[in-house]
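In this note's numbering, the protein residues as written are 23 to 442.
Working notes, structure below.
Structural data, given as structure tokens:
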């Protein structure tokens with residue numbers, strides 16, 4: 023099993039707003055887990071793997087059990103999937119609603135969940151449902167009520183269970199059904215917050231924009247033919263698996279007790295930044311100047327300052343520069359943080375996380391800003407979830423418009439991940 027990666031440091035820094043260096047992501051192995059953690063994939067044909075046997079379950083089993091070595095027992099009353107899927111148990115029922123009784127369907131999740139819970143006793147549930155409720159004519163509000171009812175029954179059956187709820191993947195709806203779809207998606211975070219507020223263990227994974235309709239993300243029965251409006255292709259199902267993976271891994275580690283202590287990959291740099299300038303290069307550019315400041319760091323006596331030495335307002339900043347050994351894995355959630363302060367009010371300080379391919383293009387990035395209202399230290403943080411394999415994940419602190427002669431001090435940089 024791969025464990026928590028932590029990147030904590032006053033790290034080496036190189037100047038520049040647009041150039042980013044990468045972080046390495048080094049695996050570590052935790053001790054074996056003797057008691058299996060039971061995971062129930064719950065839903066409809068998308069969980070079953072309609073048109074693509076096994077659906078997302080194949081890729082998810084491969085990553086968690088085969089690659090990471092997690093002791094997970096996938097559970098449910100159904101058993102289906104390809105030979106490459108080593109554990110085929112699930113509760114993905116083709117054509118079923120969350121609650122279909124109001125429209126004449128006797129078979130629905132609400133009606134059967136008590137017996138499924140009793141038989142399987144899952145520790146974690148992966149819930150992707152609501153597609154058929156909307157297709158059967160329910161409004162978004164009604165479908166949200168169905169989800170609320172299902173969750174209530176789940177927690178009544180087993181209060182300790184951890185439920186990971188998906189904002190469901192896109193479907194090719196139009197008119198009133200499209201409106202119902204949008205309304206349902208918008209209601210899901212509030213339902214998750216409700217149960218979280220009650221003390222239940224619940225998380226949400228947003229798949230609402232994960233796949234693109236009328237592309238290879240969806241099943242195509244014949245080359246050149248039309249795309250299925252509901253069911254993913256293998257490509258789409260793999261994206262779903264990669265979306266489930268980081269949250270499922272974090273919950274598995276918490277339940278199994280395998281979450282390791284934090285690892286500080288830049289511990290030596292923490293020491294040297296306080297004693298010398300050896301952890302950063304001190305490069306100057308036309309729009310920025312980096313200096314090592316002694317006497318008033320956030321935690322310790324030193325910090326790193328970027329200044330605009332030009333006569334006009336300019337973009338100015340610094341970028342993290344550890345050893346550039348990088349290899350991202352899709353679906354890993356990172357959180358970056360920095361303590362910073364500005365020389366005057368009104369200066370915007372931005373933390374940037376960028377995933378960079380070898381050709382310097384970026385499949386994604388995230389920016390988190392704070393505009394100074396005083397000259398004290400403030401913490402800026404935000405997250406980014408990786409999208410592709412084998413890229414760099416880079417880190418920058420900068421000001422898009424720093425006045426002439428103004429500066430920003432930065433200290434106690436961090437980049438953390440709950441697992442890869």
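Cβ atoms here follow ideal geometry from the backbone N, Cα and C, with glycine treated the same way.
- Residue 79 holds the alpha-carbon nearest to the alpha-carbon of residue 256 among 66, 165 and 79.
- Minimum Cα-Cα distance from residue 148 among the listed residues 353, 351 and 273 corresponds to 273.
- The beta-carbon separation of residue 422 and residue 337, rounded to 5 Å, stays under the 8 Å limit for a contact.
- When the beta-carbon positions are compared, residue 95 and residue 70 stay at least 9 Å from each other.
- Straight across, the Cα-Cα distance linking residue 377 with residue 68 is about 30 Å.
- In the displayed model, residue 225 falls within a strand according to three-state DSSP.
- When secondary structure is reduced to three states using DSSP, residue 315 falls in the strand class.
- Shortest Cα-Cα distance from residue 157 to any of 114, 201 and 142 involves 201.
- Residue pairing from DSSP places residue 362 in a beta bridge opposite 400 and 432.
- When secondary structure is reduced to three states using DSSP, residue 185 falls in the strand class.
- With respect to residue 61, residue 270 sits close: the two C-beta atoms are nearer than 9 Å.
- Uninterrupted alpha helix (DSSP H) stretches at least 4 residues long and entirely within the stretch 152-207 occur at 153-157 and 162-179, given in chain order.
- Bounds of any beta strand (DSSP E) do not take in residue 57, whose DSSP letter is neither H nor E.
- Taking every protein chain shown into account, the CB of residue 153 has 16 or more other CB atoms within 10 angstroms, so this residue is buried.
- Taking 9 Å as the cut-off, the Cβ atoms of residue 251 and residue 207 do not count as close.
- Linking residue 107 to residue 411 through their CA atoms gives a straight-line distance of about 22 Å.
- Annotation: the stretch 67-106 contains the following complete segments of the beta strand (DSSP E) (minimum length 3 residues), in chain order: 94-96.
- Between residue 263 and residue 81, the C-beta gap is smaller than 9 Å, which places the two residues in contact.
- Residue range 370-378 is occupied by the beta strand (DSSP E) that includes residue 376.
- In this structure residue 401 does not touch residue 375 by the C-beta definition: roughly 15 Å separates them, more than the 8 Å allowed.
- Residue pairing for residue 393: DSSP places it in a beta bridge opposite 370.
- Straight through space, the alpha carbons of residue 430 and residue 329 are spaced by roughly 7 Å.
- With a beta-carbon spacing of about 6 Å, residue 233 and residue 192 fall inside the 8 Å limit used to define contacts.
- Per the C-alpha coordinates, the member of 169, 222 and 432 positioned closest to residue 64 is 169.
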